[in-house]
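Please read the structure below before turning to the comments.
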Amino acid sequence: MNRYFHILISFVVIITMLILVSCESFNIDDLAENDSYWAKSESLEVNNALDDDIKVDVAIIGGGYTGLSSAYHLAKMNPDQKIVVFEAKTLGSGASGRHGGMVLSTLIDDYESEETFKWAYDLSVRNMLFIDSLSKALNIDCDLVLNGYCETIFREDDVQEYKDFVTEANQAGIPLEFWDKQKVKEKLGTDLYYGAMFDPNGGSVHAVKLIKLLKTAAENEGVIIYENSPVTSIEEGETINLTVEANGNSFKVEANDIVIATNAYTSKLGIFKNKIMPVHTQTAVTEPLSQEQLDAINWNSRLPFYDSRIMLFHLVLTPDNRIVIGGGNVDTYWNNGLEYKGNISRVADMMLDELIKMYPELKGINFEYVWNGILGTTFDDVATVGVMGDNQNIYYGLAYNGHGVNQSILFGDVIAHLYSGKYHGWEDTEYFGYKLSNIPPEPFKFVGSNMFFKFWKWKDRH
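Counting in this note's numbering, the sequence shown runs from 78 upward without gaps.
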């Protein structure tokens, strides 16, 4: 009896130590430089770091799509206020500058009514058109193509489910189409899939050129942007006090309100702790295809697509005829680790094998760039936007679960409306201020998530 008691005590002590060790800390060195194809093919001028204590009306933490969109819309609606963005590295260093290049509409699987379904869809479409109009107004080409996209069906057993969903969408007034295997072959050039759902609204974009567009738009409205200026602590109150570390110095920022626009990195600020889990995923881009290769693969529509697997693959054909492919693998690390520790060469080989399965005519092609990115994922698979805090002065938009290009920019507009006291409409949905479920603490999160990932990979193969 005494022996078993000691074993139990030892087990409790070990688990307690593991949980204590898992207390998160912020290390700027864990934030890798953006080495994506997007960053290598489009350079941005880097803004200065913060060099003094300052007071601002709104401090925005994070220089990705959410942060820059919030900054632009806030400044547009409140021209007399001081709106400042603080980016830990350089703009677009997170998922905004590393994604696969797809722009998606909002298709809610679990909707309250046909009206909600249609309203959310239409809102996301209008947001794409806003991006397009902003690009034209500022004469900044971000390679935005809005000819639609497909979700391809990997398993024959899933075909009827997609047909039913398309029927429901059509009844709600959403113009989706079901394509059979033959039409997928005709439009996408691959016979790997049993069908597809086509959405005429959506498309593709150059990730970093879109950052450039939003940065220019925000600065034109008077927004101040500091780069290489990580916020390392937040002290809540009627006035919020931030600590910013820059060039080896520590500065104080007083803000009446703040916007949390840090997605996968949010828990490092002590906010949404155990709500958002950083998940590492990899993307690659080929060398430019020759005309002979383009003719051979017969991807005539040039429509971007992603498939229905759990560990889905997504593909984009760029204007300069490269194929961007990502997916098929995810990694997560202890204590929401931000440093990628996987074997990216092995993942690249896996993605190349998958590309050849889709397009055997490309055998012998090589990847020119392969990179890692970090998604902000949740148990609920739901993004959330709203305002919180005892003083209702902490705004947030995050948890995009890998579908954030369009939605993050939309959420910037929602945040600006909330702050300005103007009605937007998103407030009426169940996803406004959505209470994200708790993710178990370490070691359960690390062990459990990796077990799920292994199971999902197995399921996709069987």
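Each residue gets a CB set at the ideal place from its N, CA and C atoms; glycine is no exception.
By Cβ distance below 7 angstroms, which residues in the same chain neighbour residue i in space, the five residues on each side in sequence not counted?
i, result
"P277", "G225 and P252"
"N155", "S497"
"F231", "Y270, D384, S385 and R386"
Are residue i and residue j touching if we call contact CB-CB under 7 angstroms?
i, j, result
"G405", "F390", "yes"
"A126", "N297", "no"
"Y198", "S182", "yes"
"V464", "L439", "no"
"C219", "L287", "yes"
"S514", "F456", "yes"
"A152", "G299", "yes"
"T267", "M435", "yes"
"T343", "E331", "no"
For residue i, which residues does DSSP report across the bridge?
i, result
"V180", "G280"
"H150", "Note: H150 sits in no beta bridge, so no partner."
"C227", "F275 and F382"
"P359", "Here the sequence assigns Gln to residue 359, which means Pro is not the residue at that position. Paired residue(s): N449."
"K329", "T320"
"H494", "BP columns for H494 are empty, so no partner."
"L392", "F382 and I402"
"W77", "The structure shown does not extend to residue 77, since the chain spans only 78 to 539, so no value can be given for it."
"I160", "V135"
"S210", "DSSP, once it has assigned bridges, lists no residue as partnering S210."
"F68", "The requested residue 68 is not part of the displayed model; the chain covers only 78 to 539."
By Cβ distance, which residues of its chain are closer than 6 angstroms to residue i, with the 5 residues on each side in sequence left out?
i, result
"V599", "The question about residue 599 has no answer, for the chain in this structure spans 78 to 539."
"H150", "G489, D490 and A493"
"Y114", "V362 and Y446"
"N324", "A126"
"W503", "V491 and F509"
"V98", "Residue confidence is low: V98 scores 39 on pLDDT, short of 50, so the model does not pin down where it sits. No coordinate-derived value is stated."
"I544", "Residue 544 lies beyond the residue range present for the chain, which begins at 78 and ends at 539; the question has no answer from this structure."
What separation, rounded to the nearest whole angstrom, lies between the Cα atoms of residue i and residue j?
i, j, result
"P437", "D430", "9 angstroms"
"T461", "Q370", "42 angstroms"
"E192", "V180", "23 angstroms"
"H400", "W376", "Residue identity differs from the one stated: residue 400 is Ile in this sequence, not His. Approximately 11 angstroms between the Cα atoms of the pair."
"L475", "T339", "7 angstroms"
"E228", "G403", "14 angstroms"
"N326", "V285", "29 angstroms"
"M428", "G141", "26 angstroms"
"C100", "P355", "Here the model assigns C100 a pLDDT of 42, short of 50, so the residue's position is not dependable, and the following value carries that caveat. Those two C-alpha atoms are separated by around 15 angstroms."
"L206", "S146", "14 angstroms"
"Y477", "D241", "26 angstroms"
"L215", "E238", "43 angstroms"
"D209", "K289", "14 angstroms"
"F529", "K329", "42 angstroms"
"L380", "Q259", "16 angstroms"
"L223", "D505", "28 angstroms"
"K531", "Y472", "36 angstroms"
So, at 8 angstroms on beta carbons, what are the nonlocal neighbours of residue i in its own chain, with the 5 sequence-adjacent residues on each side left out?
i, result
"K195", "A249, G250 and I251"
Discussion item. To test your reading of the DSSP string, which unbroken alpha helix (DSSP H) runs of 4 or more residues are found completely within the stretch 283 to 307?
Written reply: For the stretch 283 to 307, whole alpha helix (DSSP H) runs of length 4 or above, ordered along the chain, are 284 to 297.
Worksheet item: Which runs of the alpha helix (DSSP H) fall wholly inside the stretch 109 to 152 and span at least 4 residues, in chain order?
Response: For the alpha helix (DSSP H) assignment, the uninterrupted runs of no fewer than 4 residues enclosed by the stretch 109 to 152 are, from N- to C-terminal side, 114 to 118.
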